[in-house]
Amino acid sequence: MIEKFRRLRLVWFVAIVLTVGLMVADYRANKVIELRLGLFAGSNWNVPQGETYIIIDEVIERFEAEHPNVRVKYVSGIKREDYSEWLAEQFLDDAEPDIFFVPAEDFNMYSSMGALMDLTRFLLLDGTFDPTDYYPAAYRYGLFEDKPYALPRESVLTFMFVNKSLLAREGIAMPSNDWTWTEFLDICRRVTRDTDGDGQLDQFGCYDYSWKQAVISNGLNLFREDGKASYFASARMEETVKFMMELRSIHRNYEVSPKDFDMGRVAFRPFSFAEYRTYKPYPWRIKKYTLFDWDCLKMPAGVSNGNTSTLDTLLVGMSARTNEPELAWSLLKALCYDKTTQEMILRKSQALPTRRDVVLSTEAQEIFQWNSTDNAAMTSTDISAAMDEAVMPPKFKGCADAMLYADSEITKIISGVISFSNALNRLQKEINARLQY
Amino acid sequence: MKRRDFTMISAMLRLLYVYNAFVVMSLAIFMCITQRKIIQSMTARSFLENISAPPASSTEILLWSATSFIVLSSLGKFYRRAERKDIRNMLFASEIIVCMILMHSLNLVYDGVVLLVAADLMYRYEGNYREYILLAAMLGLYFMANYNLAIFQLKVIRFDEYLSYYNSSMQTCLAAVKNIFSSLNVVIFVFYMVMIVKNRHEEKERIRLLNEQLADANEKLRLYAIESEQMAEIRERNRLAREIHDTLGHALTGIAAGLDACTMLIDSAPEYAKQQLIRIRETARRGIVDVRRSIKKLRPDDLEKLSFKDAIMNMTTGFAASSGVDVSFTIVGLPKELREDQQEVLYRVMQESLTNAYRHGGASRVNISIGGGDGRLRIVIADNGRGCDDVKPGFGLRHMRERLELLHGTLNYWSDEGFIVEVEIPLNREVHDDKDTDS
């Protein structure tokens with residue numbers, strides 16, 4: 002009797018477990034999963050952008066079509082300058098989006114505290130993903146301690162803006178893309194003069210060219226990979242500082258203002274690719290720099306290196322606390338790796354796609370032609386080459402503070418406030434000491 | 040007395056729990072409020088800059104700490120009540136795990152709950168390396184609490200990182216409050232431990248006192264036993280005297296008086312004197328019967344009521360029961376017809392040997408073999424006691440030998456893995472001897 006009762010109870014138990022299990026499975030299969038996306042309105046690159054969410058909306062539409070039970074949501078209207086704080090608040094409330102844009106200044110913070118998902122396993126398991134499709138400087142920007150924590154979505158290179166009208170007026174030929182510091186100095190020296198004869202210099206060689214850009218063009222990595230040591234006392238740094246002092250002496254201590262540049266009285270100015278994309282083609286070109294013809298060149302090569310510049314990259318990462326890592330990875334890929342998305346970035350944003358095959362595509366060639374009358378100096382091959390050569394800016398923790406200190410010290414050295422002899426050695430010692438903390 | 044202390048300890052433990060619940064909730068609420076405030080004041084970015092782990096949300100902190108504390112306290116309750124050892128160990132292990140979860144959900148800010156676990160463990164202190172378990176458990180928990188995160192791969196937000204949101208005077212104040220929380224917890228814990236130690240000490244003292252009383256009572260009992268033995272002896276002597284007076288005295292008096300009369304009559308009336316002598320003989324016979332009856336009263340009760348075999352069985356069982364000595368029999372042959380005096384002597388010999396084996400040899404096992412042949416009965420009493428190389432016969436052994444000699448028996452004894460007593464008596468004189476001794 003008791004035996005029978007026991008068996009009956011067991012049957013009931015199994016039946017209930019099975020029913021509950023099936024119900025849960027059914028619920029999970031039919032449940033609408035919500036993925037949240039964190040992003041900011043407008044461009045990451047300080048340039049005006051029209052239809053802010055057009056690319057994102059299209060990606061989401063495509064993603065939802067592929068995954069019928071998934072809805073992707075995002076909060077719109079967060080400005081770029083508020084985004085960092087907004088994201089931090091979400092983290093503090095354990096409500097961060099599954100996938101979110103990672104501002105460059107936050108990447109190190111989030112990856113070191115373990116808030117970003119380590120993407121290694123997805124990379125290993127996903128046969129359709131190949132990191133070598135990206136430009137190395139862009140992909141490596143998303144690494145922390147050699148592990149991938151974010152994927153590059155779009156990049157921006159720094160070029161040299163050239164005032165073609167001014168050069169033509171002075172009878173100087175447009176330099177080629179492999180020009181050097183010597184040529185740069187030579188042109189600056191030739192254009193810097195008093196044109197109206199009032200005894201004051203009113204035409205200048207360059208504006209806003211900083212020692213940091215020169216360092217990169219001279220092939221110097223200022224910091225060791227781990228951010229625990231610096232190389233301010235190296236020979237290349239010395240060459241750079243000497244070059245900057247020479248450049249400064251040309252202007253005879255006159256501080257070139259943005260107004261001088263806008264009025265077309267300056268030959269060169271470093272220019273981000275986003276600005277180039279924004280102001281070069283039609284609607285925006287009539288807003289700025291209408292007084293003269295202009296174009297862009299690669300940065301002039303230093304004594305010891307080629308025409309290198311920095312590649313700034315916008316990263317997208319996954320929250321380590323996401324409930325749906327597999328889906329989030331698919332969305333992340335759709336946002337950053339998908340060829341269609343990258344082509345849209347090329348077409349509809351001011352930044353550069355991070356995939357080499359997209360930059361080198363025929364469509365890119367057409368876009369970079371701008372218009373047939375304008376003899377553009379930049380071809381997509383040039384851009385791709387520049388991106389391949391480009392280096393990523395340092396991003397370790399404390400890098401911003403170190404750079405700030407170095408900037409003030411080096412500016413003093415260049416302007417002669419501190420005597421040049423041995424100053425770099427002392428600077429390196431001081432910065433190394435700061436980096437040890 | 041004991042009861043009161045115990046309730047005092049329980050009350051202290053309850054206080055410790057209530058206090059810790061208060062502290063845990065206060066800290067959880069403090070963290071939640073701080074996180075809220077940080078979000079409201081738009082300083083989340085700079086807060087995140089300084090912390091080393093993504094924080095949990097306010098609700099999560101509250102929920103986790105409250106749930107884990109409730110689980111911890113109910114586990115503690117079950118642990119204190121559990122009877123079975125394996126269940127108790129399991130409960131204690133889970134208590135440690137839940138304690139870790141609780142500490143982690145509070146970002147390892149408060150390590151006082153470790154003392155809670157320790158208090159539970161000490162509540163059921165049972166010796167056997169318990170203190171080492173306690174030491175290991177507490178070291179492990181404190182190790183974790185002291186940010187040794189490399190081992191556990193746990194990342195948490197430190198308390199001072201929360202404090203950094205506030206201005207410096209508020210920071211000092213909050214840090215002081217947190218320190219007071221910890222210190223007060225330690226104070227309660229120490230007091231609780233003192234209560235436990237005091238309780239144990241008093242219990243020990245009580246046991247010592249009881250032991251003393253017991254020893255005292257034992258001594259009194261011993262003296263009383265000696266006294267009562269003496270009293271019994273006196274009583275027995277008096278009874279014997281009475282018996283002798285009543286029976287032998289009476290008969291002898293009658294015989295003496297009758298003989299006096301015969302002395303006078305023998306010449307004058309010899310016939311009458313003859314009759315008188317017959318009467319005197321009757322009196323003497325009656326006297327013998329009376330004496331026999333008196334002697335019978337001295338025999339062991341068992342022998343009177345039971346068969347010899349049952350009587351010795353009864354005696355040994357009683358002895359075994361009272362002394363704890365294991366007594367076994369090997370009976371090869373026991374003659375059916377044993378005279379009462381033989382029975383009695385053998386009974387007394389066995390009794391005395393058992394007593395000796397227990398008292399002098401400290402034996403735990405005694406074997407009695409009974410057998411015989413050729414008209415002799417042989418009994419060997421062997422024990423596993425200390426034995427004795429050089430036996431100095433005391434009163435007991437001498438008395439035994441004397442009694443046996445009356446039956447023409449022999450007594451031998453020696454030591455060999457214990458003490459062995461061998462008794463032998465002849466059986467075939469039964470009828471003669473009976474007549475001899477009786478008439």
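So the protein sequences, as listed, match chains R and W.
The letter at position 24 of the first sequence is residue 25 when you use my numbering, and the numbering goes up by one with no holes.
The letter at position 196 of the second sequence is residue 235 when you use my numbering, and the numbering goes up by one with no holes.
From the three backbone atoms N, C-alpha and C, an ideal C-beta is built for every residue, glycine too.
Just so we're clear, the structure is a prediction, and the values are computed from it rather than from any experiment.
Cα-Cα separation between residue i and residue j, rounded to whole angstroms
| i | j | result |
| --- | --- | --- |
| W/L197 | R/T53 | According to the sequence displayed, residue 197 of chain W carries Arg and not Leu. Approximately 40 Å between the Cα atoms of the pair. |
| R/Y28 | R/F14 | 21 Å |
| R/F102 | R/E59 | 17 Å |
| R/Q366 | R/A387 | 15 Å |
| W/R425 | W/K116 | 53 Å |
| R/L428 | R/F421 | 11 Å |
| R/D296 | R/A268 | 11 Å |
| W/E490 | W/S144 | The question about residue 490 of chain W has no answer here: the residues shown for chain W are numbered 40 through 478. |
| R/F145 | R/A407 | 24 Å |
| R/G115 | R/S177 | 46 Å |
| W/K431 | W/E170 | 54 Å |
| W/G357 | W/I327 | 35 Å |
| R/Y210 | R/R249 | 10 Å |
| R/G51 | W/P93 | 35 Å |
| W/S65 | R/D95 | 21 Å |
| R/L152 | R/Y75 | 19 Å |
| W/A214 | W/L141 | 21 Å |
| W/N277 | W/N238 | 57 Å |
| W/G146 | W/C138 | In the sequence under discussion, the amino acid at residue 146 of chain W is Asn, which differs from the Gly named in the question. In a straight line, the C-alpha of W/N146 is about 12 Å away from that of W/C138. |
Under the three-state DSSP convention, the category residue i falls into
| i | result |
| --- | --- |
| R/V48 | coil |
| W/V328 | helix |
| R/G198 | coil |
| R/L36 | strand |
| W/N13 | The displayed coordinates of chain W run from 40 to 478. Any statement about residue 13 of chain W would go beyond what the structure contains. |
| W/G293 | helix |
| R/M264 | coil |
| W/F358 | helix |
| R/V18 | helix |
| R/W295 | strand |
| W/L342 | helix |
| W/N257 | helix |
Close beta carbons around residue i, own chain, < 6 Å, minus the five adjacent residues each side
| i | result |
| --- | --- |
| R/M319 | I100, M118, A329 and L333 |
| R/E97 | Q91 and S320 |
| W/V366 | T355, A359 and V405 |
| R/D134 | R356 |
| R/S305 | N219, G220 and R237 |
| R/Q343 | P354, R356 and V359 |
| R/F262 | Y208 and R270 |
| W/I433 | Checking the sequence, you will find Gly at residue 433 of chain W rather than Ile. None. |
| W/Y204 | T73 and I77 |
Cut-off 7 Å between Cβ atoms - residues of its own chain near residue i, not counting five sequence neighbours on either side
| i | result |
| --- | --- |
| W/A158 | L52, L55, F228 and Y231 |
| R/M345 | I56 and E59 |
| W/Q390 | M354 |
| R/N433 | A230 and S231 |
| W/L287 | G326 and V330 |
| R/R141 | M393 |
Heavy atom of the ligand GDP within 7 Å of residue i beta-carbon
| i | result |
| --- | --- |
| R/N426 | Annotation note on the ligand GDP: not contained in the displayed structure, which lists no ligands. |
8 Å Cβ shell around residue i - same chain, five flanking residues per side excluded
| i | result |
| --- | --- |
| R/F272 | T159, F160, M161, F162 and C297 |
- prompt: Which residue spans inside the segment 398-469 of chain W form an unbroken beta strand (DSSP E) run of at least 3?
  reply: Taken in chain order, the complete beta strand (DSSP E) segments of 3 residues or longer contained in the segment 398-469 of chain W are 404-412, 415-422, 449-454 and 458-465.
message: Under 8 Å, CB to CB, which of the residues in the segment 70-86 of chain R have a partner in chain W?
response: Within the segment 70-86 of chain R, the qualifying residues are S85 and E86.
message: Please list, in chain order, the residues of the segment 299-324 of chain R that have any C-beta partner in chain W closer than 9 Å.
response: Shown in chain order are the members of the segment 299-324 of chain R whose Cβ falls below 9 Å from a Cβ of chain W: S320, A321 and R322.
- request: Quick one: which unbroken beta strand (DSSP E) runs of 3-plus residues sit fully inside the segment 358-417 of chain R? Chain order, please.
  value: Counting only runs of 3+ residues, no beta strand (DSSP E) is found wholly inside the segment 358-417 of chain R.
field: Against chain R: residues of the segment 82-96 of chain W by CB proximity under 9 Å
entry: Correct list: T82, A83, R84, S85, F86, L87, E88, I90, S91, A92, P93, P94, A95 and S96.
message: Please list, in chain order, the residues of the segment 89-102 of chain R that have any C-beta partner in chain W closer than 9 Å.
response: Flagged, chain order: A89, E90, Q91, F92, L93, D94, D95, A96 and E97.
query: At a Cβ cut of 7 Å, what residues of the segment 62-82 of chain W count as close to chain R, listed as they run along the chain?
result: Going along the segment 62-82 of chain W in chain order, one finds Q74, I77, I78 and M81 with a Cβ nearer than 7 Å to chain R.
task: Closer than 7 Å, Cβ to Cβ, to anything on chain R: give me those residues from the segment 322-352 of chain W, in chain order.
output: Residues of the segment 322-352 of chain W with a Cβ closer than 7 Å to any Cβ of chain R: none.
message: Just to confirm the assignment: which complete alpha helix (DSSP H) runs, minimum length 4, are found wholly within the segment 210-284 of chain R?
response: Entirely contained in the segment 210-284 of chain R, the alpha helix (DSSP H) runs reaching 4 residues are, in chain order, 212-218, 236-251, 259-263 and 274-280.
message: Short of 7 Å Cβ to Cβ, which residues in the segment 97-116 of chain W face chain R?
response: From the segment 97-116 of chain W, only E99 have a Cβ closer than 7 Å to chain R.
field: Contact set between the segment 106-138 of chain R and chain W, restricted to residues whose Cβ is under 7 Å from the partner
entry: Cβ contacts with chain W come from M110, M114, G115 and A116.
message: To test your reading of the DSSP string, which unbroken alpha helix (DSSP H) runs of 4 or more residues are found completely within the segment 102-161 of chain R?
response: Runs of the alpha helix (DSSP H) inside the segment 102-161 of chain R: 105-113, 121-126 and 137-141.
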